[in-house]
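J.:
There are 4 protein chains.
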Amino acid sequence: MTYAKRMLESHPRAAAVQVGPLIECIEACLDCTQSCTACADACLGEVELAPLVRCIRTCLDCGDICATTERVLSRQTEFDADVARAVLEACVQACRTCGAECERHAGHHEHCRVCAEACLRCERACTGALSALAASPAD
Amino acid sequence: MTYAKRMLESHPRAAAVQVGPLIECIEACLDCTQSCTACADACLGEVELAPLVRCIRTCLDCGDICATTERVLSRQTEFDADVARAVLEACVQACRTCGAECERHAGHHEHCRVCAEACLRCERACTGALSALAASPAD
Amino acid sequence: MTYAKRMLESHPRAAAVQVGPLIECIEACLDCTQSCTACADACLGEVELAPLVRCIRTCLDCGDICATTERVLSRQTEFDADVARAVLEACVQACRTCGAECERHAGHHEHCRVCAEACLRCERACTGALSALAASPAD
Amino acid sequence: MTYAKRMLESHPRAAAVQVGPLIECIEACLDCTQSCTACADACLGEVELAPLVRCIRTCLDCGDICATTERVLSRQTEFDADVARAVLEACVQACRTCGAECERHAGHHEHCRVCAEACLRCERACTGALSALAASPAD
Chain W
15 MTYAKRMLES HPRAAAVQVG PLIECIEACL DCTQSCTACA DACLGEVELA PLVRCIRTCL
75 DCGDICATTE RVLSRQTEFD ADVARAVLEA CVQACRTCGA ECERHAGHHE HCRVCAEACL
135 RCERACTGAL SALAASPAD
Chain B
15 MTYAKRMLES HPRAAAVQVG PLIECIEACL DCTQSCTACA DACLGEVELA PLVRCIRTCL
75 DCGDICATTE RVLSRQTEFD ADVARAVLEA CVQACRTCGA ECERHAGHHE HCRVCAEACL
135 RCERACTGAL SALAASPAD
Chain X
15 MTYAKRMLES HPRAAAVQVG PLIECIEACL DCTQSCTACA DACLGEVELA PLVRCIRTCL
75 DCGDICATTE RVLSRQTEFD ADVARAVLEA CVQACRTCGA ECERHAGHHE HCRVCAEACL
135 RCERACTGAL SALAASPAD
Chain U
15 MTYAKRMLES HPRAAAVQVG PLIECIEACL DCTQSCTACA DACLGEVELA PLVRCIRTCL
75 DCGDICATTE RVLSRQTEFD ADVARAVLEA CVQACRTCGA ECERHAGHHE HCRVCAEACL
135 RCERACTGAL SALAASPAD
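If you read the protein sequences in the order shown, they are chains W, B, X and U.
Note that the numbering used here has the first sequence beginning at 15, numbered continuously upward.
Note that the numbering used here has the second sequence beginning at 15, numbered continuously upward.
Note that the numbering used here has the third sequence beginning at 15, numbered continuously upward.
Note that the numbering used here has the fourth sequence beginning at 15, numbered continuously upward.
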């Protein structure tokens, strides 16, 4: 069992949204923030830098946005659905933009291929959390 | 002249949006992330904690979201308007929620009054950056 | 295979330190930053807040320091051993302080027990990375 | 009066270290994290990228470490001198490494010159905060 799951299950208050999609989203954000930080750095280590400038940039943004989304979602005390929704929507957008850019380089660079996969998984997990949020009783 | 202004003016590429609202937004986000971190901590140092639980929570979220927004806006190379817009909208929402909560305690705690002011200024600066973004030529 | 491992193995440059301890450290930092964010929030959701004030504070610091350590270690291009060592030492100290505080509440709160475990694992993984760093050829 | 000063002066508990050096350090960290984020991005926007790879890398590390140092120092409730000292020492090291690298490019790129200045100021402010910490009564 992951730490994210153990932490959520020992929280004194009931989660504001369905636990399954919430944990999936937190874990996908953790993986994606790490992959994006590492992919920006791996791109920076390549010999041919110019074609990777946009990839480095989108990875830096996506890494920051995923880290913040993970934190907002990890907080269940006095959960605010409006803030959670807005940050999840920003994360969906960042993952979509970054995943599409990484995908363009996936044939040349394995790190871009792995990062594109992490972005796609995170985009889907954030979309899943948004659905769970919409289905939850009014906050 | 602030560092944010000097850094933006020495950037090799032209800014994707009007420089004035951009700098104002970056600086307001920097002040707001610091105020929110400090307000969450000051609330935690008060004797009567229970009424401040929601304030601590919203300050932690807002501090994280402002820090990320500042970073995304500080990057002008291969600027992506969709990602910038989404993160600015999340920041407007976080500042609105946190500012309203801090305002509720402004009569009792000076740190909440100052933080509410930082949130309101940041909300307006992000709204200003969103307008500048809408006015800029297609990305 | 974790994303951290896949990203490191597809990096264009050889890792500056032994890959095993490096991956362990990155993954322990990711888990610990999440556990600390979640434990600060879970403490905030408890009815009896006063005895948990120091725990919330140390969790917030440790969560921030682990997140930064994970990022610095995830970057292998132009790795700087002095910066890596200093941030790892700060992380060891943060995990020790936070883990000891969480341990004090482990009997009462399961989230503190899990977080203490994450801190201890992260402290050890950072110590392991420091040893690997000391054993690596001069940078 | 800056927000950092207003927040610190309205804190319910007395600051654990002398207020002057503390505020200077928080503000220098805020400026330096922004300058480093912006300098990494400005470097990425230059035509000749290869000579700037190490500068981008050190700016990314320094930006993360300054942001975390600012947060740890902004928290005065249940201040822990050991954690503060360790993170300040990491910040001194990061600013020294990054400032020296930026200085090497100061003749060619104004953004590197400004960032080198922000790093030097932050290194000194962190050293000042370490002295204030050493002078304060045992925690």
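Ideal Cβ positions, reconstructed from N, Cα and C, are used throughout, including at glycine.
Nothing here was measured: the structure is a model prediction, and the numbers come from that model.
(1) For S88/B, return the contacting residues in chain U, with the cut-off set at a CB-CB distance below 7 Å.
(2) With 16 as the cutoff for other CB atoms within 10 Å, does P65/B come out buried or exposed?
(3) Using a Cβ-Cβ cutoff of less than 6 Å, which residues in the same chain neighbour A42/X once the five nearest sequence positions on both sides are dropped?
(4) Is A81/B close to chain X? Criterion is C-beta to C-beta, closer than 8 Å.
(5) My guess is that A54/B and I70/B are in contact by the Cβ rule of under 8 Å, so how many angstroms apart are they, rounded?
(6) Between which two residues does the alpha helix (DSSP H) carrying M21/U extend?
(7) Could you compute how far the alpha carbon of H123/X sits from the alpha carbon of E115/B?
(8) At the level of alpha carbons, what is the spacing between S150/U and Q32/U?
(9) Mind checking whether L22/U and L44/U have CB atoms under 8 Å apart?
(10) According to DSSP, simplified to helix, strand and coil, what is Q48/W?
(11) So which of S24/B, L147/B and A18/B has the shortest CA-CA distance to F93/B?
(12) Does the Cβ-Cβ distance between T91/W and L58/X come in under 8 Å?
(13) Verify the CB distance criterion: does A18/B have a CB-CB separation below 8 Å to chain U?
(14) Does DSSP classify A130/B as helix, strand or coil?
(15) Residues in the segment 18-34 of chain W with C-beta within 9 Å of chain B's C-beta atoms, listed in sequence order?
(16) Could you compute how far the alpha carbon of I79/U sits from the alpha carbon of A56/X?
(17) At which residues does the alpha helix (DSSP H) containing L74/B begin and terminate?
(18) Taking the straight line between their C-alpha atoms, what separation do you get for C129/X and C105/B?
(19) Assign I36/U to one of three DSSP states: helix, strand, or coil.
(20) Could you compute how far the alpha carbon of A28/B sits from the alpha carbon of T51/W?
(21) Could you tell me the distance, in whole angstroms, from the CA atom of R20/U to the CA atom of R20/W?
(22) DSSP three-state call for V106/X: helix, strand or coil?
(23) Any Cβ of chain B within less than 8 Å of the Cβ of V128/U?
(24) Do T111/B and D96/W have their beta-carbon atoms positioned less than 8 Å apart in this structure?
(25) List, in chain order, every chain B residue whose beta-carbon is nearer than 8 Å to that of I40/U.
(26) Sort G142/W, T141/W, R127/W and A143/W by Cα distance to Y17/X and report the nearest one.
(27) Can you tell me which of L144/B, M15/B, G77/B and T83/B puts its alpha carbon nearest to the alpha carbon of E84/U?
(28) Leaving out five residues before and five after S49/X in sequence, what residues of the same chain have Cβ atoms less than 7 Å from its Cβ?
(29) With the cut-off set at 8 Å, would you say G113/U and E38/U are in Cβ contact?
(30) Quick check on L144/W: does DSSP put it in helix, strand or coil?
(31) Is the beta carbon of V101/W sitting closer than 8 Å to the one on V86/W?
(32) S145/U: buried (16+ other C-beta within 10 angstroms of its C-beta) or exposed?
(33) If you drop the 5 nearest sequence neighbours on each side, which residues of the same chain put their C-beta closer than 8 Å to that of H125/W?
(34) Closer than 7 Å by C-beta to I40/U: which residues in its own chain qualify, once you throw out the five before and the five after it? Chain order, please.
(35) Just to make sure I have the definition right: I need the residues of chain X whose C-beta is within less than 7 Å of the C-beta of R85/W. Which are they?
(36) Within the 8 Å Cβ cut-off, does D153/B reach chain U?
T.: Considering the structure as presented:
(1) The count along the second sequence starts at 1 and reaches residue 88/B at position 74. Ordered by position in chain U, the residues that pass the 7 Å Cβ test against S88/B are Q48, T51, A52 and D55.
(2) In the second sequence, the residue the question calls residue 65/B occupies position 51. With fewer than 16 Cβ atoms within 10 Å of its Cβ, P65/B is classed as exposed.
(3) Working through the third sequence from its first residue, we reach residue 42/X at position 28. Taken in chain order, the residues that qualify are R135, C136 and A139.
(4) Sequence index remark: in the second sequence, residue 81/B carries index 67 (1-based). No, its Cβ sits nowhere closer than 8 Å to a Cβ of chain X.
(5) Mapped onto the second sequence, residue 54/B falls at position 40. Mapped onto the second sequence, residue 70/B falls at position 56. Contact flag correct, Cβ pair sits at about 5 Å.
(6) Stepping through the fourth sequence from its first residue, residue 21/U is reached at position 7. Per DSSP, M21/U belongs to the alpha helix (DSSP H) from Y17 to E23.
(7) Locating residue 123/X in the third sequence gives position 109, counting from the first residue. Locating residue 115/B in the second sequence gives position 101, counting from the first residue. Cα-Cα distance, rounded: 28 Å.
(8) Translated into positions along the fourth sequence, residue 150/U becomes position 136. Translated into positions along the fourth sequence, residue 32/U becomes position 18. When rounded, the distance between both Cα atoms is 7 Å.
(9) Taking the fourth sequence and counting its residues from 1, one reaches residue 22/U at position 8. Taking the fourth sequence and counting its residues from 1, one reaches residue 44/U at position 30. Cβ distance not < 8 Å, so L22/U and L44/U don't count as in contact.
(10) Mapped onto the first sequence, residue 48/W falls at position 34. If DSSP states are grouped into helix, strand and coil, Q48/W belongs with the helices.
(11) Position 79 of the second sequence, counted from the start, is the residue given in the question as residue 93/B. Considering only alpha carbons, the answer is L147/B.
(12) Mapped onto the first sequence, residue 91/W falls at position 77. Mapped onto the third sequence, residue 58/X falls at position 44. In this structure, T91/W sits near L58/X, with a CB-CB distance shorter than 8 Å.
(13) As a first step, residue 18/B must be located in the second sequence, where it is residue number 4. Output row for A18/B: interface = yes.
(14) Indexing the second sequence from 1 puts residue 130/B at position 116. The answer is helix: DSSP assigns A130/B an H, G or I state.
(15) Here the close residues number zero.
(16) Sequence index remark: in the fourth sequence, residue 79/U carries index 65 (1-based). Sequence index remark: in the third sequence, residue 56/X carries index 42 (1-based). Each residue's Cα considered, the two are about 26 Å apart.
(17) Translated into positions along the second sequence, residue 74/B becomes position 60. Element bounds for L74/B: V67 to S88.
(18) On the third sequence, position 115 is the one that residue 129/X refers to. On the second sequence, position 91 is the one that residue 105/B refers to. So the two alpha carbons sit approximately 29 Å from each other.
(19) Numbered from its first residue, the fourth sequence carries residue 36/U at position 22. According to the sequence displayed, residue 36/U carries Leu and not Ile. It is helical.
(20) The sequence position of residue 28/B within the second sequence is 14, counting from 1. The sequence position of residue 51/W within the first sequence is 37, counting from 1. Each residue's Cα considered, the two are about 26 Å apart.
(21) Working through the fourth sequence from its first residue, we reach residue 20/U at position 6. Working through the first sequence from its first residue, we reach residue 20/W at position 6. Approximately 39 Å between the Cα atoms of the pair.
(22) Here residue 106/X refers to the residue found at position 92 of the third sequence. Three-state DSSP puts V106/X in a helix.
(23) Residue mapping note: residue 128/U aligns to position 114 of the fourth sequence, counting from 1. Output row for V128/U: interface = yes.
(24) Locating residue 96/W in the first sequence gives position 82, counting from the first residue. Locating residue 111/B in the second sequence gives position 97, counting from the first residue. Yes, these two residues count as a Cβ contact at 8 Å.
(25) In the fourth sequence, residue 40/U corresponds to position 26, counting from 1. The contacting residues are Q48.
(26) Position 3 of the third sequence holds residue 17/X. Nearest C-alpha to Y17/X: R127/W.
(27) Stepping through the fourth sequence from its first residue, residue 84/U is reached at position 70. The candidate whose alpha carbon is nearest that of E84/U is G77/B.
(28) Translated into the one-based positions of the third sequence, residue 49/X becomes position 35. Same-chain partners within the cutoff: V128, C129 and A132.
(29) If you number the fourth sequence from 1, residue 113/U lands on position 99. If you number the fourth sequence from 1, residue 38/U lands on position 24. Not closer than 8 Å, so no.
(30) On the first sequence, position 130 is the one that residue 144/W refers to. Correct three-state label for L144/W: helix.
(31) To locate residue 101/W, count along the first sequence from 1; it is residue 87. To locate residue 86/W, count along the first sequence from 1; it is residue 72. Their beta carbons are under 8 Å apart, which means V101/W touches V86/W by this criterion.
(32) For the purposes of this step, residue 145/U is taken as residue 131 along the fourth sequence, with counting starting at 1. With fewer than 16 other Cβ atoms within 10 Å, it is exposed.
(33) As a working note, residue 125/W is residue 111 in the first sequence. Result list for H125/W: A52, C53, A56 and C57, in chain order.
(34) One-based indexing of the fourth sequence puts residue 40/U at position 26. Excluding residues within five positions, the ones whose Cβ falls inside 7 Å are A18, E84, L87 and S88.
(35) The count along the first sequence starts at 1 and reaches residue 85/W at position 71. Correct list: T51.
(36) In the second sequence, counting from the first residue as 1, residue 153/B sits at position 139. Note that D153/B has pLDDT 46, beneath the 50 cutoff, so the model's placement of it is unreliable and the number below is only indicative. D153/B does not count as touching chain U.
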